[in-house]
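For the sequence shown, the working numbering begins at 421 and goes up steadily by one. From the three backbone atoms N, C-alpha and C, an ideal C-beta is built for every residue, glycine too. To start, the structure under review is shown below, and the notes come after it.
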Amino acid sequence: MTIRRLFGPEPRYPLVEAHEPSPSPELRLIAGPCSVESFDFIKDLAVELKEAGATMLRGGCYRFGTYPGENMGFVPERFRWLQIAASEAGLPFITEIMDREDIRYASYVDWVQVGARHAQHYPLLRAIGFMRKPVLLKRGTWMTLDETLGACEYLLKAGAPKVAICERGIVSFEDHCRWTLSISAIAALKEYTNIQVVGDPSHGSGDRALVPRLGLACIAAGADGIVCEVHPRPDESMSDAEQAIDIETFRDIAARYGGLVHANST
Ligand code: PEP
Ligand code: MN
421 MTIRRLFGPE PRYPLVEAHE PSPSPELRLI AGPCSVESFD FIKDLAVELK
471 EAGATMLRGG CYRFGTYPGE NMGFVPERFR WLQIAASEAG LPFITEIMDR
521 EDIRYASYVD WVQVGARHAQ HYPLLRAIGF MRKPVLLKRG TWMTLDETLG
571 ACEYLLKAGA PKVAICERGI VSFEDHCRWT LSISAIAALK EYTNIQVVGD
621 PSHGSGDRAL VPRLGLACIA AGADGIVCEV HPRPDESMSD AEQAIDIETF
671 RDIAARYGGL VHANST
């Protein structure tokens, strides 16, 4: 492993190195809205996404915007809506858990998402690991790969059976995108570790026009899948409208990228 550390001892990732996850086909094309807006909304969208090629449903049950004025808080029922929608559509589902207190509402999730802002919240990582569920860790926008693998060690040590890292963009001097999607992080993680990797071209760009190209770039760099924010009427999205793609665009992505994802994982 050639991932370096600026301070502290030589990096060692015993649990990451021992971690050889079986492939997770559900990670290939994760799709869904930024926010679970209502029960009917997510129920109809899940069916359309499944039909368009999604392999897992995503959706946010919290809505804490960057500024409290946009705050729509947390509605625990949204976990249940997401679960019913996913199961009626025949898809597994993933959702973020932000707070240790809320784990009690989420015992039935298929994958747990750790949000970028919480990727170094070690008590939360430990509590999520104790759930014994597969976890998708979104890399914090400030975190080195070494720090990201350290966070994976916390999850694995606490008992998570499977951990995947999501590259969702980092801070940089660039201002043409919301964040800078680090394609080299995807390549390095795939080259030097056994961890599964998912690219997020939606948060990684903040610009729906760039999502298809960046999704392809993630797959070309070796990602096991991508996660896209999709909305039936993107401009009406409750949150992250600028980066939401419509179902037709997602269908094109699925048609173009499905073969590529498969080629990487065989
Ligand atoms: C999300 O995927 O819903 C999300 C909030 O992303 P991030 O944690 O990467 O900002
Ligand atoms: Mn979002």
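Heavy atom of the ligand MN within 6 Å of residue i beta-carbon
i	result
Asp-530	no
Asp-655	no
Asp-666	no
Cys-648	no
Asp-660	yes
Cys-733	The chain is shown from 421 up to 686; residue 733 falls before or after that span and cannot be answered.
Cys-572	no
Cys-454	yes
According to DSSP, residues forming a beta bridge with residue i
i	result
Thr-515	Val-532
Val-591	Bridge partners of Val-591: none, in fact.
Leu-557	Val-534, Ile-585
Arg-483	Gly-493
The ligand PEP heavy atom lying under 6 Å from the CB of residue i
i	result
Arg-498	no
His-651	no
His-623	yes
Gly-642	no
Arg-524	no
Gly-535	yes
Lys-558	yes
Distance CB(residue i)-CB(residue j) smaller than 7 Å
i	j	result
Leu-502	Thr-486	no
Ile-548	Val-529	no
Leu-511	Met-476	yes
Val-617	Ile-646	no
Ala-578	Leu-557	no
Ala-664	Glu-649	yes
Tyr-612	Ile-639	no
Ile-450	Arg-478	yes
Buried/exposed call for residue i, threshold 16 Cβ in 10 Å
i	result
Arg-524	exposed
Arg-633	exposed
Pro-429	exposed
Glu-497	exposed
Ala-513	The question names Ala, but residue 513 is Phe in the sequence shown. Flag for Phe-513 reads buried.
His-596	exposed
Tyr-433	buried
Pro-654	buried
Ala-438	exposed
Ser-625	buried
Pro-543	exposed
Where the beta strand (DSSP E) containing residue i begins and where it ends
i	result
Ala-582	The residue asked about is misnamed: residue 582 is Lys in this sequence, not Ala. That residue, Lys-582, is in no beta strand (DSSP E); it is neither H nor E in DSSP.
Arg-450	Before going on, a small fix: residue 450 reads as Ile here, not Arg. Its beta strand (DSSP E) spans residues 449-452.
Glu-649	645-649
Leu-477	476-478
First and last residue of the uninterrupted alpha helix (DSSP H) at residue i
i	result
Gln-503	497-509
Gly-635	631-640
Gly-549	542-550
Lys-463	459-472
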